[in-house]
Each structure stands twice: as structure tokens, then as C-alpha cells.
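> Before we start, here is the structure in question, set down as C-alpha cells.
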Amino acid sequence: MTETQREERRFETEVSQLLHLMIHALYSNREIFLRELISNAADACDKLRFEALAHPDTISQPAELHIDVHFDKDRREIHVIDNGIGMSRDEVVANIGTIARSGTKEFLSSLTGDQQKDALLIGQFGVGFYSSFTVADRVTVETRRADAPEGGAVRWQSDGAGSYTLESCTRAEPGTEVILHLKKDADEFLEAYRLRHIITRYSDHVAFPIRMPKVDDDGKPTDEWETVNRASALWTRAKSEITDDEYREFYKHVAHDFEDPAAWVHSHVEGKQQYTTLFYIPKRAPFDLWDRDRRHGVKLYVKRVFIMDDAEKMLPTYLRFVRGVVDSSDLPLNVSREILQNNRLVDGIRSGSVKKILGLLESIAENEPEKYAEIWTNFGRVLKEGPGEDYANREQIAKLLRFASTHNDDDTQNVSLAEYKSRMKEGQKAIYVVTADSPAGARNSPHLEIFRKHGIEVLLLSDRVDEWLLSHLDSFDGTPIKSVSKGDLDLDDVIGDQDAKTEDDASAADDLGDLPERIAKALGDRVESVRASKRLVESPACIVLGEHEMALYLQELLKQAGQPTFGSKPVLEVNPSHPLVERLKAAEAADFDDLATLLFEQALLTEGGQLEDPAGFVARLNRQLLKSG
């Protein structure tokens, strides 16, 4: 070995932060280190089996894939060894020296010093290797990729303090060996019964044999090995044979999560197609949930042979938070991502899988509303993408949607469309919604004034995805969904003789005379037209968009992102009975343009629009304030 083959590198800042949190925040649950290392080893065995099928000329599969765990009391070491795919030097750097995931830096910067909270947040990473440092003050990894020669192995070593060393080494067999040099307070993990207990508790479901040496009367390892786990794929077993604890531990294995799942659904499908699915809903959202380009969390198996991680074609993007496995008996073993794109068998599995997951969510929503509220808090905004992506299941997805409402005093999203319909007033023909860029903006929208006056419920939509949702979900259960801030508003059938327009209101509208035309002239091409409002009770004016126009706040976001926006000019509605409108009617010519423009600009700001000339707005406002003083 030459000196040039050995190098020292520093961890990325994110890894150093993560190591610090692992060592301190997870100290009370240190035994999970073995579960994580075994999960990684099982993944490596899975990948070797697939690579051997895909590249039989360069990679061969051993007679038995297995994972060995043994310990050395004298040297204070635990060894976890697999004969899986192994890693090259570059893969070691990529998989251990860095965290190559979008949004990692931003996520880590949001972590607090609260140890309990940090422990929960770390569970969203899926980087369990670093948990080794909760029990070890030094970790060594020796690995050789299956297609590399004996001398092509690499040794990685670190004390977790901020740097690691890499050097070439020789390894007789392909695979990976992780050597933990235990801390002084980790003696409990140098006992065979303790390691066996951890394996049977957390890793009994792993589909490869996990072997340990038998021990003599003094508790020391012998040369005789035995399999500790059941070594069968959990999803292939009958549901009646699997305990809830086994389901939970398998989730932690397949999702690399530290927490229990919120729910799961397990099904065996037989008939024209034969496949098995086991899907989990996580308890907490992963930190990169909003990265739509990241791969999904579903593993694909064919006849129990692992094919690929994150098989994105198995589920639509709006279900990207789901974790689990799909095992098909019909797909070819050499199936690739390209083949998955246009495959009728995959389409059938995908369709059946979506129905199972939506059915699970529907059941939870109906029978366990408190649990569903937590699921919605974590994944609701993602589910809102569903109606636009999955037309076939649009109605079923719509049943799962939850919104804030004027019916409630807070902004919790807990009102379903079905619940809204059950409270609709006699004669009401539409489900009314309002969109804004914040919960406060939605609740305080001037468009709600006539609805509040007459006790008509309106759903409050303030997520950025809501405009996308409404563009693809225009009705529910036969009832149109209508934005109160767009298009003409006809409430006569609901309000009736309560005076949608009282005689005084009608008279006030008539008294406007040519004021709408004068305002329109003052505003020029900034508005399509100006008209008396049926919406307003307390506010002087509001912006009304076309029926299918994009909300102003979203138009501004797209402009800032350099995206083109298309649409017609807005309509300005004025409240005939408002004192400011009365003042505008009596204004002198010198003040009219200022007052008309201010009326428009304040309505624009209320809708989340952007002023073209903020300085001009301030100057106009100051002039009028001085005159009023």
C-alpha cells in the first residue's frame, strides 16, 4: 500500500451536524444501531442478487447470501459482515462521507437543541449507518465491490469527530464488513444474548439468514454458527401469521425510519395477475417531501428477488410519501425502469395499489378521525395534487380532502367536502371556496362579507397547491365548486327575500350613475371594467377575476420565478354604500384619479397582488391624508 492510496477527508458540514445529533439525541435508544446496519447489509444482498441477474458475466452470486454478526470481548469489537454487492471507493465517499439529498442543508438548519424533537426529526433521514457512533468511538468499514479484484477493496475509518480516512486494502471475498470499536459504556453489546435479542426483535423479518456464532459456557463465541432470524420475506406470509409488532419493525427496515408507521395495508392479489403489496403510511413527513423529482419509497421485487429501490412507476407522484414493497409473480426478472414505463402488468399493479392506499386512507378518515387529522397535517398538501394527476380516482381523492372553513373559528383543515354539503343552505347550488396566500388572508377576504352576512359557509384555501387543485376539481358529488372571488356571483336562490339586494342597496347602485365609467377611465388598461358589487358589505372595493383565472398572489409567484402568466384583466367591484365610494362621487377632478387609483390598489393588495409603483401609492396616500387632516 502506498501513501498516495491513503487520504484523510473531512465530512460535509451536514454530516457533522447529523453525527452530533445521532450521538446525543439517540443515546437512550442505542440498540437500533444493529437494526440499521443489518438493514443496510440486507439491501446490499438484495442488490447483489439483482446485479448478478443483470450482469452475469461480471458479477456472480454466492451459493448463499447471508449476514454475520459476531463480537470480540477482548478487543471490544462488534462485526457486521455481509457478502452483498459491496462498494467502490467512490461509492464509499458518496454513501458515507456525504448526504447527497436535496434540501438537506435547509432541513438541518431547522433542527433545534431539543433532544426529543431532534430524535424524531432524524428519523426522516434514512441514514441509519451513523447510529453506529452511539455505541462506538471508532468505526471501520472494509468493503469490496462484487466486480472488483481482491486488491480493489477500500477501508473507511472515522471516530465521528469531523473527518475520516480512506485507504486501499485487500479483501478475499466481495461484500462489506462494519467493525465497531465500542465505547467504555457499551459493555452490554458484548453479550451474545443481548445481540440475539436485538436481532430477533428488530430484524427477524429480514429475508436473508442472520448468523451468529454459538457461545460456550463462558459466553465466548465458538466456531459453530447458527441462524438467529426467521429469514423469510415478511410480505409473503399470511396476514394472520404476522403480528403488529412484526409489521412495525418491517416498516422501520424498509423505510429506514426510527418511528412506528401510522398505518399499513397488506394484500395478496390472485387471478389474471399475481402480486403482493405491503404499503405503509409514515407517521411523519420526510424532510424532502416537496421535492417531486426524488424517487418514491416503494421497493420492487419479482418472485421475491429484489429488482429496484424506489420504483417510481408503481405509484403516482401524489402518493410519494408511501413506503413499502411490491412483489410480482408476472414481471420478468430483467425488468428495467424503461420497461416499467409502458407495461400493462405494471399499470394493473399500479391501479390496484392506488385503490388499496386510498381505501386505507378512507377507512382511517371514517373510523379514526383523530389519526386521519394527523395524516392530513403531514401529507394533505401532497394529496391535493391527486385530482390533477389521477382523474380516474378524482372522486375518491376528493372525499379525503380537508379544508379550513368559516364554519369554524380556527384555521385547522378539518372540514370535508361531504361535511360541507351536509350543511348547505336550502337553494344553495354550489360549494363556495376562497383562495389566498395565507390563512389570515383567506379568512379576512372581503369576498366573504356577503356570505357572512347571510350565514353561508365558505371553505378557506390557503395552500399554494390549492389553485392547482381547483383547476382540476370543479365539482364534488355532482355539486359545482365555485370560488367566491371569481366570475359573477348569484346568491338570489339562497338569500331570497333576505335581500340579496335591498331596495336601498339597489337605489345606491343606481345612484352610482357614471361613476364606474369614470373610475375605469382613471384606471385605464389596469382593469377590464368597473361595476357595483354584490359581494361587499363593509369593504369599499374588491378585485374579481375571471372564472378560470389564476389568483393574483400565484401570478406574482410565477412572475418572480420567471414563468409566463396569461389571463385577462381583473374587474373592480365597488361597494355603492361605502363612505369612500360616496367621497369618490363628490371628489373634485384634481383628487378623483388619486382616489380611484388608491381604491384599486388597496383591493389589489388585499388579493395578494403586487403594486407596480409602490412609491406612487405612498405619494397618493400621503396627499389624501394631508387633505383629510
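Numbering (this note's numbering), first residue to last: 756 to 1384. Glycine included, every Cβ here is placed at the ideal spot set by N, Cα and C.
Closer than 8 Å by C-beta to L1113: which residues in its own chain qualify, once you throw out the five before and the five after it? Chain order, please.
Closer than 8 Å at the Cβ level, and outside the excluded window around L1113, lie N1148, Q1151, I1152, L1155.
> In this structure, how does DSSP classify L921 when only helix, strand and coil are distinguished?
Residue state, collapsed to three classes: strand.
> Just curious, the alpha helix (DSSP H) that R1286 is in, first and last residue?
Element bounds for R1286: not the alpha helix (DSSP H) but the beta strand (DSSP E), 1284 to 1287.
> Per DSSP, M1063 is paired with what?
Looking at the DSSP assignment, M1063 forms a beta bridge with L1055.
> From A1345 to G1141, what does the alpha carbon distance come to, in whole angstroms?
Whole-angstrom Cα-Cα distance: 53 Å.
> Under 8 Å: do the region 954 to 971 and the region 979 to 997 share three or more Cβ pairs, one atom per stretch?
Contact holds: three or more Cβ-Cβ distances are below 8 Å.
> Can you tell which of T931, E1367, A1306, T895 has its C-alpha closest to the C-alpha of L733?
Here the chain has residues from 756 to 1384 only, and residue 733 is not among them.
> Would you grab the beta carbon distance between Q1029 and D1085 for me? Rounded to a whole angstrom, and I think it's under 8 Å.
With a Cβ gap of about 6 Å, Q1029 and D1085 count as contacting.
> State the start and end residues of the unbroken alpha helix (DSSP H) segment that holds D801.
Where D801 is concerned, the enclosing alpha helix (DSSP H) stretches over 787 to 809.
> Report yes if the C-beta distance between L820 and R804 is below 8 Å; otherwise report no.
It is a contact, given that the beta carbons lie within the stated cut-off.
> On the three-state DSSP scale, how would you describe G839?
Correct three-state label for G839: coil.
> Which same chain residues, not among the five before or five after V1020, have their C-beta less than 6 Å away from its C-beta?
For V1020, where only same-chain residues beyond five positions count, the Cβ hits under 6 Å are F1034, K1111, L1115.
> Buried or exposed: P1124, going by 16 or more other Cβ atoms within 10 Å of its Cβ?
Exposed: under 16 other Cβ atoms inside 10 Å.
> When you compare only the Cα positions, how much space is there between R1165 and R844?
It is worth fixing the name first, because residue 1165 is Asp in this sequence and not Arg. Distance between the alpha carbons of D1165 and R844 is about 55 Å.
> Any idea what DSSP makes of R1039, helix, strand or coil?
If DSSP states are grouped into helix, strand and coil, R1039 belongs with coil.
> Measuring only the C-alpha atoms, how far is D812 from K802?
Their backbone Cα atoms lie some 16 Å apart in a straight line.
> Taking the alpha carbon of Q760 as the point to measure from, which residue in C924, D1064, I1274 has its own alpha carbon closest?
With distances taken between Cα atoms, Q760 lies closest to C924.
> Scan the region 1200 to 1255 and note each continuous beta strand (DSSP E) run of 3 residues or more that stays entirely inside, going in chain order.
For the region 1200 to 1255, whole beta strand (DSSP E) runs of length 3 or above, ordered along the chain, are 1214 to 1216, 1234 to 1238.
> Is the CB-CB distance between I833 and F944 below 8 Å?
Yes.
> Go through its chain and collect everything with a Cβ distance to M1063's Cβ below 6 Å, but skip five positions before and after it.
Same-chain partners within the cutoff: L1055.
> Taking all protein chains shown into account, do 16 or more other C-beta atoms lie within 10 angstroms of the C-beta of D1247, making it buried, or fewer, making it exposed?
Burial call: exposed.
> Mind checking Y885: buried by the 16 CB within 10 Å criterion, or exposed?
Its Cβ being crowded by 16 or more others within 10 Å, Y885 is buried.
> Contact between the region 1286 to 1305 and the region 1172 to 1180 is defined here as three or more beta-carbon pairs at a separation below 8 Å; is this criterion met?
Segments in contact, no.
> Return the chain-ordered list of same chain residues with a C-beta closer than 8 Å to the C-beta of E1395, the five sequence neighbours on each side being excluded.
Coverage of the chain is limited to positions 756 through 1384, which leaves residue 1395 absent and any answer about it impossible.
> Pick from E1144, H1227, P1369, V1188: whose alpha carbon is nearest that of T1161?
Taking only the C-alpha atoms, the option nearest T1161 is V1188.
> Could you tell me which uninterrupted beta strand (DSSP E) segments, each at least 3 residues in length, are contained entirely in the region 1071 to 1118, listed from first to last along the chain?
Segments of the beta strand (DSSP E) lying fully in the region 1071 to 1118: 1078 to 1083.
> Measure how close the beta-carbons of L1088 and K1068 come, nearest whole angstrom, since I'm counting them as under 8 Å.
Rounded, the Cβ-Cβ distance is 17 Å, inconsistent with contact.
> Which one of V1080, I1211, N1098, R1075 has the shortest CA to CA distance from L1138?
Cα-wise, what sits closest to L1138 is R1075.
> From E979 to N838, what distance separates their C-alpha atoms?
Spanning the two alpha carbons is a distance of roughly 19 Å.
> Considering only the beta carbon of each residue, do G1026 and T931 sit closer than 8 Å?
No.
> In chain order, what residues of the same chain have a beta carbon less than 7 Å from the beta carbon of D902, not counting five sequence neighbours either side?
Once the five neighbours on either side are set aside, the close Cβ partners of D902 are T813, I814.
> State buried or exposed for Q1365, treating a residue as buried only when at least 16 other CB atoms are found within 10 Å of its CB.
Q1365 is exposed by the Cβ-count criterion.
> Going by beta-carbon coordinates alone, are L1359 and V1329 separated by less than 8 Å?
Contact flag unset, no.
> V1292 and K1208 look like a contact to me (Cβ under 8 Å); what is the Cβ gap, rounded to whole Å?
The pair is a contact, with the Cβ atoms about 5 Å apart (cut-off 8 Å).
> State the Cα-Cα distance for the pair Q912 and I997, rounded to the nearest angstrom.
Rounded to the nearest angstrom, the two C-alpha atoms are 39 Å apart.
> Could you please give me the residues that DSSP links to F1372 through a beta bridge?
The partner list for F1372 (beta bridge, DSSP) is empty, contrary to what the question assumes.
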